[in-house]
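Protein chains in written order, with this note's numbering: chain F, 54 to 151; chain X, 451 to 775. Here's the structure, in structure tokens; my notes come after.
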Amino acid sequence: MQIVTKGVAGTMESSDIIVRIEPAEQKGIELTLTSAVMQQFGKQIEKVIRETLAELGVENAVVNAVDKGALDCTVAARVKAAAYRAAQCEDYTWRTKQ
Amino acid sequence: MYNIETGAPLSGARLLEIQAFLAQRGLTMEGAADFYVALREDDGTIVATGSLEGCVLKYIAVSPAAEGTGAAATVVSELVSYAWREGIGHLFLYTKPENERMFRSLGFYPVAHTESVLMMEDRKDGIGKFLAAIPRKKDAKTVGACVMNCNPFTNGHRYLVETAAAACDLLYLFVVSEDASAFPAKVRFELVRRGTADIQNVIVTESRDYLVSRATFPTYFIKDRASTEHVQTDLDIAIFTERIAPALCITRRFVGTEPFCPVTRAYNERMKQLLPACGIELIEIERKDGISASKVRALMEQGDLAGIRKLVPDATYEYIKDHIG
């Protein structure tokens, strides 16, 4: 999936995460994460974000996420929505093969 | 939970209501916001507000009763989502230094500060990355800088650059990136680059959002409406002295004398006061024969190509000739 514009999904409400995705000037995923539970779950949130992007085939993007204690499923959903918007893709496949 | 109200722009009774709310929090609303958010109780009482003006989040305020309820997060969240949907991808805000922690938790990072105001941006080390991408020259001992809009690049600018470049080993020439002038930013940059290509020790670079931008120096872009006592340049100057100058080893800043524009003159005067304390010398260069970009633009209005020819370098002249009328 090719990121062509800016995409945003989510909020900064408690138990949610806001994810912003935009095209990258360099190769790879450049991720900035701010989290209310960075100490406890920072690594796990980052893992979910990167895995979700990989599942969607997003290889190059600048990703900015502000987390307020979202569960993994919420993180994945917000990343997907933001990525689809940033890719201007409406051919959604919400469930990925196990 | 509060009711979220969003809209743009504010007017009439709603504007007065929000102004009154801000006044209670010690904030005065100046200028019109592009978009605003208000949180209300079920009975309509406002408990929190925030606005977006260009790329700057403004007037974020929460009533004491709603503190600690996440109201500020809701407001910032709405503003950020709106800005991103509109394609504004780099956001700034000004706040009191004691609010740094709260805004950090909402994904903002410090850029620079004065005694009373902290400026933050929504990307981690955005300014650091901007600076890292600017070329260095190792053996340069005295490094100077000038910041110019060049709308368009004239013989006057050329004279200033030549004079400044002769006075240091390396000169950074920041061309204002804000697209708010008669000549588009890309064209202004290109004309400066071509018009100075023969001067070996000049590096032409963009100022992006960090120098003389709508975020750092809003009054510059509403010059005709601004009164000089409201010209707030301290943060723009703080970004230069705290971040840009140390990163690039700049010890001199060059400006042209400003006979016409009171806003630019106020900016130069303020730099005279603030720069020396930070180890930066401000050097004012006498304007050459009173050439100004506004004179060139006036001649363009009249279609006076011969007049323009005398005031601008070749590259600028060629561009104007091809684009006039």
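Cβ coordinates follow ideal geometry from the N, Cα and C atoms, glycine included.
| message | At a CB distance below 7 Å, what residues from the region 64-80 of chain F approach chain X? Give them in sequence order. | response | Per Cβ criterion, the list reads T64, M65, E66, S67, I71, R73 and E75.
| said: Here's the rule: buried if 16 or more other CB atoms are within 10 angstroms of the residue's CB, otherwise exposed. What is F:V57? | reply: Within the first sequence, the letter at position 4 stands for residue 57 of chain F. Under this definition F:V57 is an exposed residue.
| request: Please list the partners that X:L556 has in chain F, where partner means a Cβ-to-Cβ separation under 8 Å. | output: For the purposes of this step, residue 556 of chain X is taken as the residue at position 106 of the second sequence. Identification of chain F residues near X:L556 by a Cβ-Cβ cut-off of 8 Å yields M65, T87 and V119, ordered along the chain.
| request: Would you give the residue range spanned by the alpha helix (DSSP H) that X:C699 belongs to? | output: Locating residue 699 of chain X in the second sequence gives position 249, where the first residue counts as 1. Unbroken run through X:C699: none, as it is neither H nor E.
| Name the chain X residues that come within less than 8 Å of F:V61, Cβ to Cβ? | Position 8 of the first sequence, counting from 1, holds the residue named residue 61 of chain F. Neighbourhood of F:V61 in chain X, by CB distance below 8 Å: V530, S531, W534 and R535, in chain order.
| request: Check the C-beta distance from X:Y396 over to X:I468 and give it rounded, since I have them as a contact under 8 Å. | output: Only positions 451 to 775 of chain X appear in the structure, and residue 396 of chain X is not among them; the question remains open.
| request: Could you confirm whether any beta carbon from chain F is found closer than 9 Å to the beta carbon of X:G520? | output: Position 70 of the second sequence, counted from the start, is the residue given in the question as residue 520 of chain X. Closer than 9 Å to some Cβ of chain F, the Cβ of X:G520 qualifies, so yes.
| How is F:K100 classed by DSSP in three states: helix, strand or coil? | What you label residue 100 of chain F is simply residue 47 of the first sequence in a count that begins at 1. Assigned with DSSP and collapsed to three states, F:K100 falls in helix.
| Cβ separation of X:V512 and X:Y544, assumed to be a contact under 8 Å, to the nearest whole Å | Taking the first residue of the second sequence as 1, we reach residue 512 of chain X at position 62. Taking the first residue of the second sequence as 1, we reach residue 544 of chain X at position 94. About 16 Å separates the two Cβ atoms, so there is no contact after all.
| Chain-ordered neighbours of X:A630 on chain F, where CB pairs are closer than 7 Å | Along the second sequence, read from residue 1 onward, the residue named residue 630 of chain X stands at position 180. Taking the beta carbon of X:A630 as reference, no residue of chain F falls within 7 Å; the closest one sits roughly 21 Å away.
| Beta-carbon neighbours of X:T456, restricted to chain F and to distances below 9 Å | Translated into positions along the second sequence, residue 456 of chain X becomes position 6. Per Cβ cutoff of 9 Å: no residues; X:T456 is ~13 Å from chain F at best.
| task | With 8 Å as the limit, tell me which residues of the region 562-588 of chain X have their beta carbon closer than that to any beta carbon of chain B; keep them in chain order. | result | Structure shown: chain B not included; protein chains present are F and X.
| query | Cβ of X:T524 less than 9 Å from any chain F Cβ? | reply | Sequence index remark: in the second sequence, residue 524 of chain X carries index 74 (1-based). At least one chain F Cβ lies under 9 Å of X:T524.
| Does any residue of chain X bring its CB to less than 9 Å from the CB of F:T127? | Taking the first residue of the first sequence as position 1, residue 127 of chain F is located at position 74. No, F:T127 does not count as interfacial toward chain X.
| query | Alpha carbon to alpha carbon, how far is X:Y559 from X:A748? | reply | Taking the first residue of the second sequence as 1, we reach residue 559 of chain X at position 109. Taking the first residue of the second sequence as 1, we reach residue 748 of chain X at position 298. Whole-angstrom Cα-Cα distance: 42 Å.
| said: Against chain F, which members of the region 735-767 of chain X pass a CB distance test of less than 8 Å? | reply: Cβ contacts with chain F: none found.
| task | Quick one: using the 10 Å Cβ neighbour count with 16 as the cut-off for buried, is F:K133 buried or exposed? | result | Along the first sequence, read from residue 1 onward, the residue named residue 133 of chain F stands at position 80. Answer is buried; the Cβ neighbour count reaches 16.
| Between the Cα of F:T87 and the Cα atoms of X:D572, X:S461 and X:E480, which residue gives the shortest distance? | For the purposes of this step, residue 87 of chain F is taken as residue 34 along the first sequence, with counting starting at 1. Ranked by Cα distance from F:T87, the first of X:D572, X:S461 and X:E480 is X:D572.
| request: Mind checking which residues open and close the beta strand (DSSP E) that includes X:M569? | output: For the purposes of this step, residue 569 of chain X is identified with residue 119 of the second sequence, where counting begins at 1. L568 to E571 is the span of the beta strand (DSSP E), which, as asked, contains X:M569.
| request: Mind checking who X:P560 pairs with in its DSSP beta bridge? | output: The residue given as residue 560 of chain X occupies position 110 in the second sequence. Beta bridge pairing from DSSP links X:P560 with X:M570.
| request: Compare the C-beta of F:T146 with all C-beta atoms of chain X and state if any pair is closer than 9 Å. | output: Working through the first sequence from its first residue, we reach residue 146 of chain F at position 93. Under the Cβ distance rule, F:T146 does not count among the residues neighbouring chain X, no pair being separated by less than 9 Å.
| According to the neighbour-count rule (16 or more other Cβ atoms, all chains shown, within 10 Å of its Cβ), is X:F667 buried or exposed? | Start at 1 with the first residue of the second sequence, and residue 667 of chain X comes out as number 217. By the 10 Å Cβ count, X:F667 comes out buried.
| Inter-stretch contact at 8 Å, needing at least 3 Cβ pairs: the region 622-641 of chain X / the region 601-608 of chain X | By the criterion of at least three beta-carbon pairs nearer than 8 Å, the region 622-641 of chain X is in contact with the region 601-608 of chain X.
| Sheet register partners of X:R720 (DSSP bridge) | Here residue 720 of chain X refers to the residue found at position 270 of the second sequence. Beta-bridge pairing by DSSP links X:R720 to no other residue.
| request: Check each candidate in X:T691, X:S742 and X:D739 and name the one with the smallest Cα separation from X:R720. | output: The count along the second sequence starts at 1 and reaches residue 720 of chain X at position 270. Ranked by how close their Cα comes to the Cα of X:R720, the residues X:T691, X:S742 and X:D739 have X:T691 in first place.
| Is the region 532-544 of chain X touching the region 484-504 of chain X, taking contact as three or more C-beta pairs under 8 Å? | Per the Cβ contact rule, the region 532-544 of chain X is in contact with the region 484-504 of chain X (3 or more Cβ pairs under 8 Å).
| message | Can you confirm whether the region 695-706 of chain X touches the region 727-734 of chain X when touching is taken to mean that 3 or more C-beta pairs between the two stretches lie within less than 8 Å? | response | Counting Cβ pairs under 8 Å, three or more are found: they touch.
| message | Could you compute how far the alpha carbon of X:R490 sits from the alpha carbon of X:S527? | response | Start at 1 with the first residue of the second sequence, and residue 490 of chain X comes out as number 40. Start at 1 with the first residue of the second sequence, and residue 527 of chain X comes out as number 77. So the alpha carbons of these two residues sit roughly 16 Å apart.
| task | May I have the straight-line CA-CA distance separating X:G476 from X:L623, to the nearest angstrom? | result | Residue numbering aside, residue 476 of chain X sits at position 26 when the second sequence is read from its first letter. Residue numbering aside, residue 623 of chain X sits at position 173 when the second sequence is read from its first letter. For the pair X:G476 and X:L623, the Cα-to-Cα distance works out to about 39 Å.
| task | Examine the Cβ distances between the region 65-78 of chain F and the region 111-131 of chain F and report whether three or more of them are shorter than 8 Å. | result | Here the region 65-78 of chain F lies against the region 111-131 of chain F, with 3 or more beta-carbon pairs under 8 Å apart.
| query | CB-CB under 6 Å to X:R658, same chain, minus the five flanking residues each way: which ones, in chain order? | reply | Within the second sequence, numbered from 1, the residue matching residue 658 of chain X stands at position 208. Taken in chain order, the residues that qualify are F580 and S627.
| For X:Y609, three-class secondary structure by DSSP | The residue given as residue 609 of chain X occupies position 159 in the second sequence. Correct three-state label for X:Y609: helix.
| field | Secondary structure of F:E108, DSSP reduced to three states | value | Residue numbering aside, residue 108 of chain F sits at position 55 when the first sequence is read from its first letter. Helix at F:E108.
| query | Taking the C-alpha atoms as reference points, what is the distance between X:Q752 and X:T495? | reply | As a working mapping, residue 752 of chain X is identified with position 302 in the second sequence. As a working mapping, residue 495 of chain X is identified with position 45 in the second sequence. Taking the straight line joining both Cα atoms gives about 56 Å.
| field | Distance CB(X:G504)-CB(X:R664) smaller than 9 Å | value | In the second sequence, residue 504 of chain X corresponds to position 54, counting from 1. In the second sequence, residue 664 of chain X corresponds to position 214, counting from 1. Taking C-beta atoms as the reference points, X:G504 and X:R664 count as a pair closer than 9 Å.
| field | Three-state class that DSSP yields for F:T127 in the structure shown | value | Position 74 of the first sequence holds residue 127 of chain F. Residue state, collapsed to three classes: helix.
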